[in-house]
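Below is one structure, written out as structure tokens; comments come after it.
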Amino acid sequence: MFNDNILENNDLADDNAIIDSVTAETPVEAEAKDAVEAEDGFSLRFAENFDFVKSLDSNQVTLDLANQYLQLGEYDSAKRLLNEVIAQGNSEQQSQAQLLLERTA
1473 MFNDNILENN DLADDNAIID SVTAETPVEA EAKDAVEAED GFSLRFAENF DFVKSLDSNQ
1533 VTLDLANQYL QLGEYDSAKR LLNEVIAQGN SEQQSQAQLL LERTA
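If you count the sequence shown from 1, you need to add 1472 to reach our numbering.
Written as structure tokens, this is what we have:
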């Protein structure tokens, strides 16, 4: 004869096993979690090592780069950067950029 109680108990045991396997952390999830933690650690170390970047004046960096371009003979690139400094830099940077721009003419 067929016993319904046995079938139901076995079915519940199988369902619980499936639920446990679905809710358990899979190896892929564990690896992803470790990767995120490693990335966060890298970001913190990177921020600490390159904190000085926050204090850089972007117009001064652009002016320095334009000067390097001039030394390399890359006049078009230098002119583009110097015009950017003339438009956005402070008065001292604008004066320096204007002098360098006159050298390219």
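For each residue, glycine too, the CB sits at the ideal point set by N, CA and C. Nothing here was measured: the structure is a model prediction, and the numbers come from that model.
Between the alpha carbons of N1562 and T1534 lies a gap of roughly 12 Å. DSSP places L1528 outside both helix and strand once states are collapsed to three, so it counts as coil.
With contacts defined as CB atoms closer than 9 Å, A1538 and L1554 qualify as a contacting pair. A straight line joining the alpha-carbon of E1574 with that of Q1568 spans about 10 Å. Residue environment: L1572 is assigned as buried (16 or more neighbouring CB atoms within 10 Å of its CB, all protein chains considered). The C-beta distance from Q1565 to Q1543 rounds to 18 Å, too long to meet the 8 Å contact threshold.
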